[in-house]
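K.L.:
Residue numbers (numbering that gives the first Met the number 0), protein chains in the order written: chain W, 0 to 143; chain P, 0 to 143; chain E, 0 to 143; chain V, 0 to 143.
From the three backbone atoms N, C-alpha and C, an ideal C-beta is built for every residue, glycine too.
There are 4 protein chains.
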Amino acid sequence: MSEKKLCYKVATKMMADTKFEHNLGIFLENVDDGFAKMKMKVTNMMLNGHGTCQGGAIFSFADATFAIACNSRNIVTVAQSCDISFVKPAYEDDILIATATEKYIKGRSGIYDVVVTNQRYESIAFFTGKSRAINGTILESKDI
Amino acid sequence: MSEKKLCYKVATKMMADTKFEHNLGIFLENVDDGFAKMKMKVTNMMLNGHGTCQGGAIFSFADATFAIACNSRNIVTVAQSCDISFVKPAYEDDILIATATEKYIKGRSGIYDVVVTNQRYESIAFFTGKSRAINGTILESKDI
Amino acid sequence: MSEKKLCYKVATKMMADTKFEHNLGIFLENVDDGFAKMKMKVTNMMLNGHGTCQGGAIFSFADATFAIACNSRNIVTVAQSCDISFVKPAYEDDILIATATEKYIKGRSGIYDVVVTNQRYESIAFFTGKSRAINGTILESKDI
Amino acid sequence: MSEKKLCYKVATKMMADTKFEHNLGIFLENVDDGFAKMKMKVTNMMLNGHGTCQGGAIFSFADATFAIACNSRNIVTVAQSCDISFVKPAYEDDILIATATEKYIKGRSGIYDVVVTNQRYESIAFFTGKSRAINGTILESKDI
Numbered sequence: 000m001s002e003k004k005l006c007y008k009v010a011t012k013m014m015a016d017t018k019f020e021h022n023l024g025i026f027l028e029n030v031d032d033g034f035a036k037m038k039m040k041v042t043n044m045m046l047n048g049h050g051t052c053q054g055g056a057i058f059s060f061a062d063a064t065f066a067i068a069c070n071s072r073n074i075v076t077v078a079q080s081c082d083i084s085f086v087k088p089a090y091e092d093d094i095l096i097a098t099a100t101e102k103y104i105k106g107r108s109g110i111y112d113v114v115v116t117n118q119r120y121e122s123i124a125f126f127t128g129k130s131r132a133i134n135g136t137i138l139e140s141k142d143i
Numbered sequence: 000m001s002e003k004k005l006c007y008k009v010a011t012k013m014m015a016d017t018k019f020e021h022n023l024g025i026f027l028e029n030v031d032d033g034f035a036k037m038k039m040k041v042t043n044m045m046l047n048g049h050g051t052c053q054g055g056a057i058f059s060f061a062d063a064t065f066a067i068a069c070n071s072r073n074i075v076t077v078a079q080s081c082d083i084s085f086v087k088p089a090y091e092d093d094i095l096i097a098t099a100t101e102k103y104i105k106g107r108s109g110i111y112d113v114v115v116t117n118q119r120y121e122s123i124a125f126f127t128g129k130s131r132a133i134n135g136t137i138l139e140s141k142d143i
Numbered sequence: 000m001s002e003k004k005l006c007y008k009v010a011t012k013m014m015a016d017t018k019f020e021h022n023l024g025i026f027l028e029n030v031d032d033g034f035a036k037m038k039m040k041v042t043n044m045m046l047n048g049h050g051t052c053q054g055g056a057i058f059s060f061a062d063a064t065f066a067i068a069c070n071s072r073n074i075v076t077v078a079q080s081c082d083i084s085f086v087k088p089a090y091e092d093d094i095l096i097a098t099a100t101e102k103y104i105k106g107r108s109g110i111y112d113v114v115v116t117n118q119r120y121e122s123i124a125f126f127t128g129k130s131r132a133i134n135g136t137i138l139e140s141k142d143i
Numbered sequence: 000m001s002e003k004k005l006c007y008k009v010a011t012k013m014m015a016d017t018k019f020e021h022n023l024g025i026f027l028e029n030v031d032d033g034f035a036k037m038k039m040k041v042t043n044m045m046l047n048g049h050g051t052c053q054g055g056a057i058f059s060f061a062d063a064t065f066a067i068a069c070n071s072r073n074i075v076t077v078a079q080s081c082d083i084s085f086v087k088p089a090y091e092d093d094i095l096i097a098t099a100t101e102k103y104i105k106g107r108s109g110i111y112d113v114v115v116t117n118q119r120y121e122s123i124a125f126f127t128g129k130s131r132a133i134n135g136t137i138l139e140s141k142d143i
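#1: Using a Cβ-Cβ cutoff of less than 8 Å, which residues in the same chain neighbour V/Thr51 once the five nearest sequence positions on both sides are dropped?
#2: Measuring CB to CB, does W/Ser71 end up less than 8 Å from W/Asp112?
#3: Check each candidate in P/Val75, P/Asp82, P/Lys36 and name the one with the smallest Cα separation from P/Gly55.
#4: Hey, P/Thr64 and P/Ala99: beta-carbon distance below 8 Å or not?
#5: Counting contacts by CB-CB distance shorter than 8 Å, is V/Met44 in contact with chain E?
#6: Please look up how many angstroms separate the CB atoms of W/Leu23 and W/Phe60, rounded, as I've assumed it's under 8 Å.
#7: Per DSSP, W/Leu144 forms a beta bridge with which residues?
#8: Could you list which residues in chain A have their beta carbon closer than 9 Å to that of E/Asp82, in chain order?
#9: Compare the C-alpha of W/Ala66 against each of W/Ser130, W/Lys141, W/Ile143 and name the closest.
#10: Closer than 6 Å by C-beta to W/Glu101: which residues in its own chain qualify, once you throw out the five before and the five after it? Chain order, please.
#11: From the DSSP output, in three-state form, read off W/Asn117 for me.
#12: Should V/Gly109 go down as buried or exposed, given a rule of 16 or more other Cβ atoms within 10 Å for buried?
#13: Is any beta-carbon of chain E found at less than 8 Å from that of P/Val9?
#14: Do you know how far the Cα of W/Asn29 is from the Cα of E/His49?
#15: So V/Lys179 is in the alpha helix (DSSP H); what residue range does that whole segment cover?
#16: With a cut-off of 8 Å, does the C-beta of W/Tyr103 fall near any C-beta of chain V?
#17: Applying the criterion that 16 or more other CB atoms from any shown protein chain within 10 Å of the CB defines a buried residue, is E/Ser84 buried or exposed?
#18: Please list, in chain order, the chain W residues whose beta carbon lies closer than 7 Å to that of V/Ser122.
#19: Can you tell me which of the three DSSP states P/Ser122 falls into?
#20: Which residues in the same chain as E/Ala68 place their Cβ atom closer than 7 Å to its Cβ, once the five residues preceding and following it in sequence are excluded?
#21: Just the Cα atoms here: how many angstroms apart are P/Leu46 and W/Ile137?
#22: Whole angstroms are fine: how far does the CA of W/Gln53 sit from the CA of W/Leu95?
#23: So with Cβ pairs under 8 Å, would you call V/Ile110 a contact of chain W?
#24: Grab me the residues of P/Tyr103's own chain with a C-beta within less than 8 Å of its C-beta, minus the 5 sequence neighbours each way, in chain order.
#25: Would you mind telling me which residues of chain E sit closer than 7 Å to V/Asn22, beta carbon to beta carbon, in chain order?
#26: List the residues of chain W whose Cβ lies closer than 8 Å to the Cβ of P/Asp16, in chain order.
#27: Determine, using beta carbons only, whether V/Met44 and E/Phe19 come nearer to each other than 8 Å.
#28: Could you tell me the alpha carbon to alpha carbon distance between P/Asn117 and P/Met37, rounded to whole angstroms?
#29: Quick check on the DSSP output: the beta strand (DSSP E) that includes E/Ile74 runs from which residue to which?
#30: W/Val86 CB to nearest chain V CB: under 8 Å?
#31: According to DSSP, is P/Asp31 helix, strand or coil?
#32: Count the other CB atoms within 10 Å of the CB of V/Phe125; is the residue buried (16 or more) or exposed (fewer)?
#33: State the beta-bridge partners of W/Phe85 as determined by DSSP.
So this is what it looks like as structure tokens:
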């Protein structure tokens, strides 16, 4: 991950601006144009009554990775819709990895696939996010 | 909301068992068989860099409402997949209401629609959750 | 169904212009602003090797109903994305009814739910379509 | 495409059993375990009033490709749900290619991605299908 690339600077700014991801303990592992990889440890706070990680925590993790990928070119981009399929439970202390890749981009619209796996490379969830670029940039010219 | 009904007792137990929803400040407003209504205030912690509520927080809120609705008959039921469309941003101090209704249930499979609105009755997000009942109950016979 | 209403005239024009729906034997039962109800008989031509109706035929039927509903105000509107869940098979000679209702509309964007049932009022499929209005009208002013 | 492989024999049997795909002029290009590639020419019959290919025809084509991929191991497998995003119109005489790949399979459940492109390798639609294996085989032992 080159710390001099624009996508890295944008991702760093976005991560600094969000308390929600920070509270979930989400870390940036890698970023590139239209690509992001993040890490999150499943904590006791995320468990439901069955002792498995809440879907909301897994979604939030995948969604955060999608957000870094779709904003990577410094154009403010928001989620229009997302879907997620949960294929295997995650448990306390599991280390989850989410990888977002750009499936399609044209004009203001993009489609991104995110795969969430655990530390044994087992698939936990599949997420697809649709994005729409709006006006504005994350970083101003002077900060690039 | 009758506090003597089974669905109410199940919902209360589920809410007590989850720290995640508790941290988001989600409250139960109403519950019935296959139905749930919840409230959540958008806090500063939920905001992203644009000053709007994170999609992950809205999803988690809708998902929690879906969970209460699909577990309401005291059969342990998990989410298989969910999709969400974000149609209007939510802002700090907005009071969100999520209402989950059962669209379909047969055997172990169910489909639930959740609508999230703000305090002005404006639609914020539309969520659909697919559930699958597994073995076990939330409350034991002795606790009903 | 008032044959003098604009939505009726638009639907009639759209049905006349499409050979695909015609080949599937899809008929208009009712139409209103943001609403449509259509009928289709499952024919031998639609069956797969298991003797049940092809998903493509059921999707096409639901999609046609969605199209009539989202174009009902005489603004050319196209599908952006659709999802469908198949909950019960349909068989030869079943009479299917699809009902499309407008869940959300704002500016150019709309969300429509379509329910497909058989002649015994059993749910066959649930479809959701997202639409986007583009430029142009189905009927010209002189034809209204 | 090895004509001696089981997946090829299964695909050939499935294609022979369906009049619906035959009517749409869908041809098998390649098949492997969990994989299928199909071709379809957009005909005048598939056009709507705007002169573009009906979503139902594109869905049916993607769905047929998904069906060949998810049945490729000779276990009868049906679609539970599908979603499709239309990103570019297709026009008369366009030659569409659909490619289905297996994203996930475990026990009876599978997830398949299908990409539909035109003859200029432009993306037309993205489809995801969820499958569930049921009892039975497409080919009997004596036919393998």
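P.N.:
Per the coordinate set shown:
#1: Pro88, Ala89, Tyr90
#2: no
#3: P/Asp82
#4: yes
#5: yes
#6: 7 Å
#7: The structure shown does not extend to residue 144 of chain W, since chain W is modelled only from 0 to 143, so the question has no answer here.
#8: Checking the listed chains, one finds no chain A in this structure; the protein chains it contains are W, P, E and V.
#9: W/Ser130
#10: Gly33, Tyr111
#11: coil
#12: buried
#13: no
#14: 47 Å
#15: With chain V covering 0 to 143 only, the question about residue 179 of chain V has no answer from this structure.
#16: yes
#17: buried
#18: Neighbours of V/Ser122 in chain W, taken as residues at a C-beta separation under 7 Å, are given in chain order as Tyr103.
#19: strand
#20: Gly33, Phe34, Ala35, Ala99, Glu101, Tyr111
#21: 15 Å
#22: A direct Cα-to-Cα measurement between W/Leu95 and W/Gln53 gives close to 13 Å.
#23: yes
#24: Here the set comprises Gly109, Ile110.
#25: Met44
#26: Asn47, Gly48
#27: yes
#28: Roughly 12 Å between the two C-alpha positions.
#29: No beta strand (DSSP E) holds E/Ile74; DSSP gives it neither H nor E.
#30: yes
#31: strand
#32: buried
#33: Paired residues: W/Ala124.
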